[in-house]
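Using this note's numbering, you'd call the opening residue of the sequence shown number -6 and step up by one each time.
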Amino acid sequence: MFANIETAPKWVFVFKTANKIQTQYFRRVREAGHVVVSDDEKALSVAAPYVLRIVVDPEAMAVANLFMFQNEEHRNALGGSGPTVGSARVELLRSGLYKREKSAGRYILLNTNFTLSNRMWGSTENALRAAAQGGAIEMASVEGRAYAQSWIDSEKVNYEATLDLIPLLPKTHKIVVRPHPVKTRRHGNAIAGSQS
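As structure tokens, then:
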């Protein structure tokens, strides 16, 4: 994506997250003369102000040309300025513009996200380090460590509940397991294997 950023025609780059890693890309894109916009799409699933403050790099709003907020809670938690635009994911559904023209068939989609336990980093400890590097958790504080442990615990409960759910689903439907693209197939294979 950045191989020829300096020589590419000037573009508007929209980033859907604003963590510490993304802020590094914001800088590189701006230095090359492009416009940086962040809509912090990942904030949709986050409600606690503490979590919002750690997943968004404090420098992101200053580095981006435009930082957009999903709602007033989002803006208040971060203390920034910029337009409140809602969430593209929610607003599209709410608007009625998205209509399913015909059924794709009898499928049930399990869209999984086991970031720490189904890790491409090799261990939960390595996954926690990567999450800390990206700004998702603060391991230096008691509150941050408690949040990390609750994240680990909730993934375990979520995974076990998903396995328990499979036998309850209609046998007339095909079950599609979609892990997050950067995760390993371990959990997905286990979930798919539990269908038989």
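Note that beta-carbon positions come from the ideal geometry of N, C-alpha and C, so glycine has one too.
Helix, strand or coil at K167 [DSSP, three-state]: Counted from its first residue, the sequence shown places residue 167 at position 174. Of the three classes helix, strand and coil, the one that applies to K167 here is strand, per DSSP.
Distance between Y18 and N208 (C-alpha atoms, nearest Å): Past the boundaries of the shown model lies residue 208; the chain is included only from -6 to 189, so the question cannot be answered.
For L49, the first and last residue of its enclosing alpha helix (DSSP H): The residue you call residue 49 lines up with position 56 of the sequence shown. Position check: residue 49 holds Val in this sequence, whereas Leu was assumed. Element bounds for V49: n/a, residue is neither H nor E.
Tell me whether T31 sits in a helix, a strand or coil according to DSSP, three-state version. Position 38 of the sequence shown, counted from the start, is the residue given in the question as residue 31. Correcting the residue identity first, residue 31 is Ser in this sequence and not Thr. For S31, the secondary structure class from DSSP, reduced to helix, strand or coil, is strand.
For G128, count the other beta carbons within 10 Å of its own beta carbon; 16 or more makes it buried, fewer makes it exposed. Which is it? Here residue 128 is taken as the residue at index 135 of the sequence shown, counted from 1. Buried: at least 16 other Cβ atoms inside 10 Å.
For S147, count neighbouring C-beta atoms within 10 Å of its own C-beta (all shown protein chains included) and say buried if the count is 16 or more, exposed if not. Sequence index remark: in the sequence shown, residue 147 carries index 154 (1-based). Answer is exposed; the Cβ neighbour count stays below 16.
Cα-Cα, which of V78, L59, V56 is closest to E66? Here residue 66 refers to the residue found at position 73 when the sequence shown is read from its first residue. If we check each option's Cα against that of E66, V78 comes out closest.
Counting C-beta neighbours from all protein chains within 10 Å, is the total for G72 16 or more, i.e. buried, or is it exposed? Residue 72 sits at position 79 when you count from the first residue of the sequence shown. Its Cβ having fewer than 16 others within 10 Å, G72 is exposed.
So, with DSSP's three-state summary, where would you put N106? Stepping through the sequence shown from its first residue, residue 106 is reached at position 113. In the structure shown, N106 sits in coil (DSSP, three-state: anything other than H, G, I, E or B).
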